[in-house]
Amino acid sequence: MTKKPDSVLKNPPNFNMLWGALAVEELIRNGVDNFFISPGSRSTPVTWAVAENPKAKSVVHYDERAAAYAALGVAKSTGRPAAVVCTSGTAAANFFPAVVEAAMSFIPLILITADRPHELSDAGANQTIDQLNIFGKYARWFINLPCPNPQMPGKTVLTAVDHAVYRASNPPAGPVHINMMFREPLAPVDTGEFVREATVPLAQWDSSGRPHTVYELSEPAPSPQTIDRLVAIIRDAARGLLVVGQTASLNEAAAILKLARSLNWPVFPDITSGLRLGPDAPPFVHYYDQLLFSDSFRDFCRPDVVIQIGSPYVSARLQGHLLAAKPGHYVIVAKHTHRHDPTHLVTTRVQSAIPPFCQTLTAALGDGCDRHENPAWLDPILQWNAQCRNALGDFLVNCGAGVPPARINEPAIAWMLPSLAPHDATIFLASSMPIRDADMYAKPSPNPVFATANRGASGIDGLVATAAGYAHGARKPVILLLGDIAMLHDLNSLALLSKVHSPVIVVVINNFGGAIFSFLPIAAFPLHFEKFWAAPHSLTFKHAAEMFSLPYANPATLPEFAAALKTAAQSNSPALIEIHTDRDQNIKIHRAIQEHMRKTLDASCTSPS
């Protein structure tokens, strides 16, 4: 016998509390049970409903910007929307950075902003701003729910929530905004309103335990005609290349892996592909970014067909090379409707979820694939990759840039981090230098390690919060690698690390300024560079770790870093590891690596055999 669900309609004291309870319960029935709450008065009816609902999982954080990023992290790791709740005024505006990231990276997110009633709008009322469509085109859908009143049926709230979850989850996934106006009283006080009568039409919904409106979601899949065209293109390809951009999960990566083995083309896997940090085996070319320093490799590697699955990818060198190579066919596969073609090379755009696309195309190709093997194309690229791997490892181990052996440096951190990560951990990479270093230098691991990042807008804000949310949703540990400026951006989110289910180990590379700007042309103009771009500081994070009760380590050598990370992982608790590096030395090391790779590859691989 099925147990009857607990009623959410038992004696609501006023209409505000009824609408809050309806919204929260309907979100939970739609699978949205993670709520990130920032304290506030106007949002009391919703917050109270979260607190009262035993099925709601809640995290309270005082900073709305960080709360929204944490909700984004949960959605990023689970593939399901999370909800974030705030009061009126600038609290809502603080959601905006996370909204942009969610929109551009297709992450489902439910934003519930409390608002003051119409009569207080544009009247100089306290804590009142125009919240209607505040997120503009970045919200997939917006609805403004007026103040609760007996003339509007409660089903108005239910159907709004149902549609919001659908619009957040259905491609193109992204953030949706529910603006809820409330008049006083905001607390759960009995106002004598005829609330009980308003619940009568909701009795069947209340007892059903199901959403009022069930939206059936379906993954977009390629048509048979599309698959036939692609098979024909593949059969005619003399020099095919598979580029794998960012994926959402190891499940997507596994589907791509089967297709890659069927195609037997060179595979260029981005650091966030789920394949870059896996076993170093054909047909994967892990060090394609470094290979592109070689004139010989660039001359040889001129594909006539490119299939790109997932987007975007990190390497600007790859983007520039493909633009120069001008392949005859460029196929891109994405499950959303938005354009992603910055080089304007795409000739075929396929809208499909990754697993059904890969499964269907793999089946159509068959075991023999009805295609000719092309060792003259694949084998030399694999030889180049092997030589690049060996040259890079020797250089970093022996510190060919003049750094003493074992002395810590940023490329070496990126190179060794995957081998140090626990088997079930996710590596979360900050934009700016950490993700670029990992993409260029990270050493493949026998046990696949999943890496991810906020690459929708590629901002450096909200990274601690997103990593915390990711760990909370995945219920697995996360290693966050970020720089000092990104850490300063999101310092107060360290408070979240004690509130989430799984540990986050924060690894901060502190080079006391914005190191990435040293690689840009502006660095050649020293008159204003240091003050306005490098933005030097003398801050360290030991006292921040103490403030938030985090274990702290400050390793100076690579063995010390490995030991600190091992200790933090074994403790199964959050920690902060700070690594001090020198910006000037860092750019010298990067340039020395580039020159070493260029000379080594051009000298040894002009005529691969």
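Numbering (this note's numbering), first residue to last: 19 to 627.
All residues carry an ideal CB built from backbone N, CA and C; glycine is no exception.
Return the bridge partner residues of Asp133 from the DSSP annotation. Met199
Any idea what DSSP makes of Trp159, helix, strand or coil? strand
Can you tell me the Cα-Cα spacing of Ala93 and Gly491, whole angstroms? 7 Å
Which class does Ala352 belong to by DSSP, given the choice of helix, strand or coil? strand
Quick check on the DSSP output: the alpha helix (DSSP H) that includes Gly338 runs from which residue to which? Ala334 to Ala343
Tell me the DSSP bridge mates of Ala571? Ile595
Can you find a C-beta in chain D that's less than 9 Å from the C-beta of Gly338? Within the model displayed, chain D is absent; a lone protein chain is all it includes.
For His519, which residues from the same chain have a beta carbon less than 8 Å from its beta carbon, with the 5 sequence-adjacent residues on both sides left out? Ala489, His490 and Arg493
On the DSSP letters alone, give me the boundaries of the beta strand (DSSP E) that Gly501 sits inside. Val496 to Gly501
Quick check on the burial criterion: 16 or more other C-beta atoms within 10 angstroms. Buried or exposed for Asn144? exposed
Would you say Ala132 and Thr209 are within 9 Å of each other, going by their C-beta atoms? no
Is the beta carbon of Asp298 sitting closer than 9 Å to the one on Pro190? no
Pro452 - DSSP class collapsed to helix/strand/coil: helix
Please state whether the Cβ-Cβ distance between Ala640 and Phe54 is less than 9 Å. Here the chain has residues from 19 to 627 only, and residue 640 is not among them.
Is it the case that the Cβ atoms of Asn510 and Tyr184 are separated by a distance below 9 Å? no
Count the other C-beta atoms from every protein chain shown that fall within 10 angstroms of the C-beta of Phe543, then say buried if there are 16 or more, exposed otherwise. exposed
Hey, quick one: how far does the beta strand (DSSP E) through Thr470 stretch, first residue to last? Phe468 to Ala471
Assigned exposure category for Leu259 - 16 Cβ within 10 Å defines buried: buried
Lys276: first and last residue of the uninterrupted alpha helix (DSSP H) it sits in: Leu268 to Leu281
What residue ranges within the region 512–576 form continuous alpha helix (DSSP H) runs of no fewer than 4 residues, ordered along the chain? 544–547 and 560–565
Is the Cβ-Cβ distance between Asn528 and Glu596 less than 9 Å? yes
Between Leu275, Ala120, Val64 and Ala610, which lies nearest to Ala409 when the distance is taken from Cα to Cα? Ala610
Pull up the CB-CB distance for Ile453 and Ile289, whole angstroms please, since I reckon it's below 8 Å. 6 Å
Span separating the alpha-carbon of Met199 from that of Asn71: 21 Å
Do you know whose CA, among Leu568, Asp148, Gly338 and Ala621, lies nearest Trp402's CA? Ala621
Within the continuous beta strand (DSSP E) that includes Ile327, where are the two ends? Val323 to Ile327
Between which residues of its own chain and Leu248 is the CB-CB distance below 7 Å, once the five residues before and five after are set aside? Val349 and Leu379
Going by Cα to Cα distance, which pick from Tyr156, Ser106 and Thr618 is closest to Phe124? Tyr156
Provide the residue span of the beta strand (DSSP E) that contains Val482, from first to last. Element bounds for Val482: not the beta strand (DSSP E) but the alpha helix (DSSP H), Leu481 to Ala492.
Neighbourhood of Asp388 by C-beta distance below 7 Å, restricted to the same chain and skipping five residues each side: Reliability of the predicted coordinates at Asp388 is poor, the pLDDT of 47 falling under 50, and no value is obtained from them.
When burial is assigned at 16 or more other CB atoms within 10 Å of the CB, is Thr355 buried or exposed? exposed
Using 8 Å as the cut-off, can you tell me whether the region 170–180 makes contact with the region 221–230, which would need three or more C-beta pairs spanning the two stretches below that distance? yes
Examine the Cβ distances between the region 34–45 and the region 155–174 and report whether three or more of them are shorter than 8 Å. yes
Taking the beta strand (DSSP E) that Asn52 belongs to, which residues open and close that run? Asn52 to Ile55
Length of the line joining the Cα atoms of Gly296 and Val525: 22 Å
Spatially closest choice to Pro193 from Leu90, Tyr459, Ile540 and Gly531, by CA coordinates: Leu90
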